[in-house]
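The opening residue of the sequence shown carries number 0 in numbering that gives the first Met the number 0; numbering runs sequentially from there.
Notes follow once the structure below has been shown.
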Amino acid sequence: MKFSKVLVAVGLLALSTPAFAQTALDQVKEAGVLKIGTEGTYAPFTFHDASGALVGFDVEIGQAVAEHLGVKAEFVEGPWDGLIAGIDANRYDVVINQVGINADRQAKYDFSEPYIASKAALVVKDDNTDITSFETLKGKKSAQSLTSNFGKLAESFGAELVGTEGFDQSIALVIQGRADATINDSLSFFDFKKQQPDAPVKVVATAADADFSGIILAKGKPELLAAINEALDAIKADGTYAEISQKYFGEDVSQ
Numbered sequence: 000m001k002f003s004k005v006l007v008a009v010g011l012l013a014l015s016t017p018a019f020a021q022t023a024l025d026q027v028k029e030a031g032v033l034k035i036g037t038e039g040t041y042a043p044f045t046f047h048d049a050s051g052a053l054v055g056f057d058v059e060i061g062q063a064v065a066e067h068l069g070v071k072a073e074f075v076e077g078p079w080d081g082l083i084a085g086i087d088a089n090r091y092d093v094v095i096n097q098v099g100i101n102a103d104r105q106a107k108y109d110f111s112e113p114y115i116a117s118k119a120a121l122v123v124k125d126d127n128t129d130i131t132s133f134e135t136l137k138g139k140k141s142a143q144s145l146t147s148n149f150g151k152l153a154e155s156f157g158a159e160l161v162g163t164e165g166f167d168q169s170i171a172l173v174i175q176g177r178a179d180a181t182i183n184d185s186l187s188f189f190d191f192k193k194q195q196p197d198a199p200v201k202v203v204a205t206a207a208d209a210d211f212s213g214i215i216l217a218k219g220k221p222e223l224l225a226a227i228n229e230a231l232d233a234i235k236a237d238g239t240y241a242e243i244s245q246k247y248f249g250e251d252v253s254q
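The following block contains the structure:
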C-alpha cells in the first residue's frame with residue numbers, strides 16, 4: 000500500500016513539473032537547418048547565377064553563419080515587400096537580405112550586430128582633380144536621382160543636379176563628361192568596379208556616417224541571437240568574412 004502511494008506521489012510530481020521548452024536555437028539545431036528568408040533577385044547580395052544557383056554576398060554570409068551553428072543553410076525566397084513579414088508567419092528563422100537597421104524595425108524585431116556598412120560615396124572621373132571632397136561640389140554638376148537622399152545631399156553641398164534614373168545612368172554621365180560627379184552608395188560602387196575594373200571613375204570622399212545592415216529575427220529568441228552574433232564574430236576572426244567581402248566587392252565592407 001505504501002509503495003503504491005509513493006508511485007502515485009511521484010506521478011503527480013511529474014505531472015506538476017513543467018517540461019523545459021526548447022529554445023529557438025535548440026529547434027534550429029534539432030532540425031539541422033537554419034531557414035533564411037531572402038529575395039534572390041538583388042545582386043550582388045542574393046541572386047541567381049547563369050547556372051540558376053542562388054549566390055551572393057548575403058547568401059555566403061548565411062551559409063557561413065549556419066556552418067558555425069553546426070547546421071545547413073536553407074534559403075526561402077520571396078519578394079521584398081513580404082520578406083520581413085515572413086518572420087511573423089514562421090516561414091523562416093531569420094532574414095539575410097541587406098535589411099537596414101532602423102528604429103522602426105528594432106521596435107518589432109531583433110537584429111544581429113551589423114555585418115555590412117554602406118556610406119555615401121562621392122564619385123568622379125579618374126582624371127578629375129577639381130573635386131576632392133563634398134565641399135568642392137559647389138557649382139559642379141552632380142548626376143543624381145532627383146528624389147533620392149543622395150540627390151538631397153549633393154544639393155546641400157551646392158551642386159547642380161543632373162537628373163538620372165539610378166546608379167548606372169549616373170556613372171555613365173560622369174564617364175561621358177556630362178556630369179562632374181555623382182554621390183551614390185559605396186556598396187553599389189564597389190560592385191560596379193568589381194565588374195568593370197577598368198571604368199575610369201574613382202571615389203574621392205565618403206561620408207563619415209554609415210548605414211548598417213544586420214540579420215533580422217523575431218524578438219524573444221535570445222539564445223539564437225547570441226549564437227548568430229558569435230558566428231559573425233567567428234567568421235570575421237578566421238578570415239571567412241574578408242574572403243567573401245573581397246569576392247563580391249574587392250573591399251572590406253564591414254566598417
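No residue lacks a Cβ here, since even glycine has one placed at the ideal position from N, Cα and C.
Annotation for E159: G138, K139, K140, S141 place their beta carbon closer than 8 Å to its own, counting only its chain and skipping 5 residues before and after. The beta-carbon distance between D57 and I83, rounded to whole angstroms, is 14 Å. This is too long to meet the 8 Å contact definition. For A49 and P78, the gap between their C-alpha atoms comes out near 20 Å. The residues F189, S244, in chain order, have a CB closer than 8 Å to that of E250 in the same chain once the five nearest residues on each side in sequence are set aside. Note on geometry: alpha-carbon atoms of A230 and P196 lie some 32 Å from one another.
Nearest neighbour of R177 by Cα position, chosen from K124, D129, S132, turns out to be K124.
DSSP, read as helix, strand or coil, puts N148 in helix.
A distance of 8 Å or more separates the beta carbons of L53 and G31. For the options V93, D80, A102, G85, the alpha carbon positioned closest to that of I60 is the one of V93. It is roughly 21 Å from the alpha-carbon of F191 to the alpha-carbon of L145. With a threshold of 16 other beta carbon atoms within 10 Å, D210 meets it and is buried. As DSSP reads the structure, S212 sits in a beta bridge with G99, I115. Counting the other Cβ atoms within 10 Å of the Cβ of K107 gives fewer than 16, which makes it exposed. Under the Cβ criterion (8 Å, minimum of three pairs), the region 214-231 does not count as touching the region 119-136. In this structure, the straight-line span from the alpha carbon of V173 to that of R104 is close to 36 Å.
Remark: C-beta atoms of S169 and S117 do not approach each other more closely than 8 Å.
In terms of CA proximity to L224, L68 leads the group H47, L68, Q62, F46.
A Cβ-Cβ separation of about 17 Å leaves P113 out of contact with Y247 under the 8 Å criterion.
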